[in-house]
Amino acid sequence: MSFLASLACIASIAAPAATPALAQAPELQPPSVVITPVQPTLTPRIRGPLPVRLGGLFTRDLGAKAGRAAKLSDSNRDWLAATCDVVVLSPTATRPGLFAEMVRQQPLFTPLLQLSATVAAESDEEPGTVGGWSPGLAGAALRAIGGAEVKPPGPGLHWMQYDSTLWIDHWIARATALVKGTGAAGALVDDLPLGNSAIDEKLPAYPTEASRARVTGKWLQRVRRSFPFQIVPNSTGFDLLAENGTLPTARGTEQPDLVGRLWDTYEPSMDGAWSEGWIHPFWTGASVPEKLWELAEEAADRAARNGRVFIASAAYRDDAELEFLIASYLLVSHRQGRLVFQPMPLTASGGPSSGFSLATFRREVEAHAKLFNVPLGASTQERHQVPAERGVVWRRNFTAGDVYVNSSDTLTALIKLGGPMRRYTGEDVREVSLPPHSGVLLLYPPASK
């Protein structure tokens, strides 16, 4: 699903922990030598030692004024800089110096611009686009069968040919200027040919999913060669098998189940990913099957291991689904801070894509503070499978507790613990029943005095 399609949906609804000092080395005899310990100076990490990192793409409720071109308010600026590791905004929501102010507050903060890859706008004030339309671009407009221009996504907008050199060069020039002008680290790229459900007309130049996958790869390659900033694409459709298999990825980026899939095809041409429907897409309202769950885990794990941006936007209807998503996140989180979780609550009043509202995001972070701020500490091992009664579950140990996930589509697993442990809610348990697609965060009980 493209983000511009999400905007239409929204419109219709109306609205590291500090590193310890190095131990002093013993004296060496002879001669007597004393090694003075080095005190590392590290920038304080956002949210300190808490393992759940937050962030996302925000398109509305950014400030006191409403409207499509509303700017981020100063109070929201300060809250985001203190709370989030990665934030994506439309260029129209920023102002000169905004991102620089946020980075000064938190040097590890990563700001990105939301830019459509294939929508041209006649107005520079159209959210999420590079603007700069001129009549000379008309020849690069996307055509349907019969030669007519594809129905535009809105007034003053045009879908552009996916492989048009004219359009891609225009995009690179405009995107480069916007990123430089706003001080962003790069661009979150939406509306790629693959996974764009906003176009329902038949396209003679790209008639199949495979053809759209090929041209998506070409678009990313072309932009990667000339765009001097981070490229973080919408990863919808990247789980598909590659047409001709894949070559091995660079050392340190290997993930077994991503081999042969578009994730590996596009790996050299991107600097992370935005998973708009990570594990639990807001447009389906249900968790993905176990096989796709594993692909989602591996994609997030690869980005986190390599210090890349990965935005896991995940939907949920209740606390149990949210705990499953957070537990799945914690199985693959690493201490670099750019794998971030964006809560997408499914509520009758807010609509399916309400998570793109900054006001909703702030309310969810506050309402689920015990979960987002669970004091598990640092991970001490990789995720691994362990046997349970009536099934197998995933487990990962942290310095102050354990995380378990049952990714099965059908089996309910019973975990019998070696001793009492405490749920993040404060409940003490000795066993936990995990139905399909569920997870649990368990803390070690306080030490008795």
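In our numbering, the protein residues as written are 866 to 1314. Backbone N, C-alpha and C define an ideal beta-carbon position, used for all residues, glycine too. Predicted model only: the values in this text are computed from it and were never measured.
Legend entry - Proximity test, Cβ basis, 8 Å: Ala-1009 and chain C: The structure shown contains no chain C, having only a single protein chain.
Inset, instruction - Select from Phe-1092, Leu-1068 and Glu-1074 the residue whose C-alpha is nearest the C-alpha of Ser-1053. - result: In the sequence on display, residue 1053 carries Leu and not Ser. Nearest C-alpha to Leu-1053: Phe-1092.
Inset, instruction - Measure the C-alpha to C-alpha separation of Leu-978 and Ala-1049 and round it to an integer number of angstroms. - result: 7 Å
Legend entry - Residue closest to Gly-1266, alpha-carbon to alpha-carbon, out of Ala-1278, Val-1294, Pro-1252 and Thr-975: Val-1294
Legend entry - Whole alpha helix (DSSP H) elements within the stretch 1107–1148, 4-residue minimum: 1127–1131
Legend entry - Of the listed residues Val-1080, Gly-920 and Glu-1186, nearest to Leu-1299 (C-alpha basis): Glu-1186
Inset, instruction - Take Glu-1231 as the anchor and find which of Trp-944, Gly-928 and Pro-914 has the nearest alpha-carbon. - result: Trp-944
Legend entry - Nearest to Met-1070 (by Cα), restricted to the options Ala-1107, Glu-1014, Ala-1038 and Pro-1098: Reading off the sequence shown, one finds Ala at residue 1070, where the question assumed Met. Answer by Cα proximity: Glu-1014.
Legend entry - Buried/exposed call for Glu-1296, threshold 16 Cβ in 10 Å: exposed
Inset, instruction - Using DSSP bridges, identify the partner residues of Gly-1051. - result: Leu-977 and Gln-1095
Legend entry - Near the ligand ZN: Leu-977 beta-carbon under 7 Å from a heavy atom: What this structure holds is no ligand at all, so the ligand ZN is not there to describe.
Legend entry - Bounding residues of the beta strand (DSSP E) (the contiguous stretch that carries Met-1286): 1278–1288
Inset, instruction - Leaving out five residues on either side along the sequence, give the residues of the same chain with a beta carbon under 6 Å from the beta carbon of Leu-1307. - result: Gly-1266, Asp-1267 and Met-1286
Legend entry - DSSP state of Asn-941 mapped onto helix, strand, coil: helix
Inset, instruction - Give every residue of the same chain whose Cβ lies closer than 7 Å to the Cβ of Ile-1064, excluding the five residues on either side of it in the sequence, and list them in chain order. - result: Val-1015 and Trp-1024
Inset, instruction - Rounded to whole angstroms, what's the CA-CA distance from Thr-1225 to Gly-1012? Just pull it up for me. - result: 43 Å
Inset, instruction - Hey, could you find the ends of the alpha helix (DSSP H) Val-1197 is sitting in? - result: 1184–1197
Legend entry - Close Cβ partners of Gly-1242 (< 6 Å) along its chain, the five nearest in sequence each way excluded: Phe-1263, Thr-1264 and Ala-1265
Legend entry - Span separating the alpha-carbon of Pro-1121 from that of Glu-1159: 10 Å
Legend entry - Sheet register partners of Leu-1269 (DSSP bridge): Here residue 1269 turns out to be Tyr, not Leu, going by the sequence shown. Beta-bridge pairing links Tyr-1269 to Arg-1260 and Val-1305.
Legend entry - Spatial distance of Gly-913 from Ala-982 (CA atoms): 35 Å
Inset, instruction - Specify whether the stretch 1193–1202 and the stretch 1147–1164 touch according to this definition: at least 3 beta carbon pairs, one from each stretch, less than 8 Å apart. - result: yes
Inset, instruction - Could you please give me the residues that DSSP links to Pro-1252 through a beta bridge? - result: Val-1257
Legend entry - Gln-970 - containing alpha helix (DSSP H), residue span: 963–970
Inset, instruction - Please work out which residues of its chain come closer than 6 Å, Cβ to Cβ, to Ser-1222, disregarding the five sequence neighbours upstream and downstream, and give them in chain order. - result: Arg-925 and Asp-926
Inset, instruction - Buried or exposed for Leu-887, please, with buried defined as at least 16 other CB atoms from any protein chain shown within 10 angstroms of its CB. - result: Its pLDDT being 29, under 50, Leu-887 is placed unreliably by the model, and the measurement read from it follows with that caveat. So Leu-887 counts as exposed.
Legend entry - Collapsed DSSP secondary structure at Val-1034 in the structure displayed: The question names Val, but residue 1034 is Asp in the sequence shown. Asp-1034 falls in the helix class under three-state DSSP.
Legend entry - Alpha-carbon spacing of Arg-1261 relative to Ser-1134, whole angstroms: 31 Å
Inset, instruction - Measure from the alpha carbon of Tyr-1269 to the alpha carbon of each residue in Leu-973, Glu-1188, Thr-1081 and Ser-999, then state which is nearest. - result: Glu-1188
Inset, instruction - May I ask you to verify whether the stretch 993–1001 touches the stretch 967–975, counting CB pairs closer than 8 Å and requiring at least 3? - result: no
Legend entry - Beta-carbon spacing of Gly-1082, Thr-1118 below 8 Å: no
Legend entry - Pairwise C-alpha distance: Val-1097 and Val-951: 12 Å
Inset, instruction - State the beta-bridge partners of Glu-1014 as determined by DSSP. - result: Arg-1008
Inset, instruction - Would you tell me roughly how many angstroms separate the C-alpha atoms of Ser-955 and Leu-980, rounded to the nearest one? - result: 7 Å
Legend entry - Pro-1069 (DSSP reduced to helix, strand or coil): coil
Legend entry - Backbone CA spacing between Phe-1141 and Glu-1254 [nearest angstrom]: Looking at the sequence provided, one finds Glu at residue 1141 rather than Phe. Approximately 34 Å between the Cα atoms of the pair.
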